[in-house]
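Trainee:
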Amino acid sequence: MDEAKETGESSLLPDGTAPPVFRAAVEGLRSARVRPQVEIEAVPAPKRLAPFAYALEATVVDGEQDLADGRLVLLHDPDGHDAWRGAFRLVTLVRAELEPEMAVDPLMPDVCWSWLTGALQARGLTYGEPSGTVTRAGSHYFGGLSARPAVSHIEIRASWTPREGLGGVPETAAHLAAWCDLLAQVAGLPPAGPGDASVVTLPQRRGPQSQSR
123 MDEAKETGES SLLPDGTAPP VFRAAVEGLR SARVRPQVEI EAVPAPKRLA
173 PFAYALEATV VDGEQDLADG RLVLLHDPDG HDAWRGAFRL VTLVRAELEP
223 EMAVDPLMPD VCWSWLTGAL QARGLTYGEP SGTVTRAGSH YFGGLSARPA
273 VSHIEIRASW TPREGLGGVP ETAAHLAAWC DLLAQVAGLP PAGPGDASVV
323 TLPQRRGPQS QSR
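Everything in the sequence shown is counted per the working numbering, starting at 123 for the first residue and increasing by one.
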């Protein structure tokens, strides 16, 4: 609790006015198990997308190098939402640098989208109304920056409706684990082996580190 007060994390948690199903869904996120290369912290959630929201940011790290990063937002509308076809919605943004040979592959956007759907399916998750975009962008440097090599990035923006389980609460821990699987795959990490996971205790972000991008 002292650590939570020092980091301000306690102010990011749902208060007593939030519906019990939303508080339970957030607790599921906080109790999820992910591989140790994925570092996660709670961050302020957007306030205009739904009556209740909770957000996490994650970075995939290899030593001092950041390989990929992203944000996952859990939205909840007790009255339901026609576009969601449910009372909960997960919204994500994932970004990573691409290898040159992958950047020119015309199938790369389709592959990235299949990584998302495949990660959810591999965890046995049922979801509805998926939507999103995959954007590939390149940066070339000139003048005083001309010594830098050209780089390409991939950006996945997506949202989906998790199926609500017992008591109307979705399996948010499993959805977070699937999202971390996506992050790891985009970052180029090998598949996790048995037991290659650690309990998420928020926040677990490092201090300032060098950025690879």
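Built from N, CA and C at the ideal position, the CB exists for glycine as well. Given the structure is predicted, the values throughout are model-derived calculations rather than measurements.
State the Cα-Cα distance for the pair residue 134 and residue 192, rounded to the nearest angstrom.
Mentor: Taking the straight line from one Cα to the other gives about 18 angstroms.
Trainee: With DSSP run on the structure shown, which of helix, strand or coil describes residue 297?
Mentor: Helix at residue 297.
Trainee: Do you know whose CA, among 242, 291 and 150, lies nearest residue 252's CA?
Mentor: It is 242 whose Cα lies nearest to the Cα of residue 252.
Trainee: Once DSSP output is grouped into helix, strand and coil, what is the label at residue 135?
Mentor: Here residue 135 sits in coil by DSSP.
Trainee: Could you tell me the distance, in whole angstroms, from the CA atom of residue 152 to the CA atom of residue 307?
Mentor: Spanning the two alpha carbons is a distance of roughly 22 angstroms.
Trainee: Please classify residue 219: is it buried, with 16 or more other beta-carbons within 10 angstroms of its beta-carbon, or exposed?
Mentor: Looking at its Cβ environment, which holds 16 or more other Cβ atoms inside 10 Å, residue 219 is buried.
Trainee: Which residue marks the beginning of the alpha helix (DSSP H) containing residue 236, and which one marks its end?
Mentor: Here the alpha helix (DSSP H) through residue 236 covers 230 to 244.
Trainee: Going by beta carbon distance, what residues of the same chain come within less than 7 angstroms of residue 292, once the five residues before and after it are set aside?
Mentor: For residue 292, where only same-chain residues beyond five positions count, the Cβ hits under 7 angstroms are 147, 210, 284, 285 and 286.
Trainee: When the distance is taken between beta carbons, is residue 161 closer than 7 angstroms to residue 195?
Mentor: In this structure, residue 161 does not lie closer than 7 angstroms to residue 195 by Cβ.
Trainee: Once you ignore the five residues that flank residue 142 on each side, which residues in its own chain have a CB closer than 7 angstroms to its CB?
Mentor: Hits under 7 angstroms: none found.
Trainee: Can the beta-carbon of residue 206 be found less than 7 angstroms from the beta-carbon of residue 304?
Mentor: Against a cut-off of 7 angstroms, the Cβ pair of residue 304 and residue 206 comes out as no contact.
Trainee: Taking residue 142 as part of the beta strand (DSSP E), name the residues at either end of that continuous run.
Mentor: Residue 142 -> not in any beta strand (DSSP E); alpha helix (DSSP H) instead, spanning 142 to 152.
Trainee: Assuming contact is defined by CB atoms lying nearer than 7 angstroms, are residue 276 and residue 258 in contact in what I supplied?
Mentor: In contact: residue 276 and residue 258 (Cβ atoms closer than 7 angstroms).
Trainee: Compute the beta-carbon to beta-carbon distance between residue 260 and residue 274, rounded to the nearest angstrom, for a pair I have assumed lies under 8 angstroms.
Mentor: Between residue 274 and residue 260 the Cβ distance is about 5 angstroms, and since that is below 8 angstroms, they are a contact.
Trainee: Alpha carbon to alpha carbon, how far is residue 167 from residue 174? Give it in angstroms, no decimals.
Mentor: So the two alpha carbons sit approximately 9 angstroms from each other.
Trainee: Which same chain residues, not among the five before or five after residue 213, have their C-beta less than 6 angstroms away from its C-beta?
Mentor: Once the five neighbours on either side are set aside, the close Cβ partners of residue 213 are 195 and 281.
Trainee: When you compare each of 181, 139 and 271 to residue 310 by their alpha carbons, which one comes out closest?
Mentor: Nearest of 181, 139 and 271 to residue 310, Cα basis: 181.
Trainee: Please name the residue, chosen from 215, 176 and 190, that lies closest to residue 199 on a Cα-to-Cα basis.
Mentor: Selected option, being the one with the closest Cα: 176.
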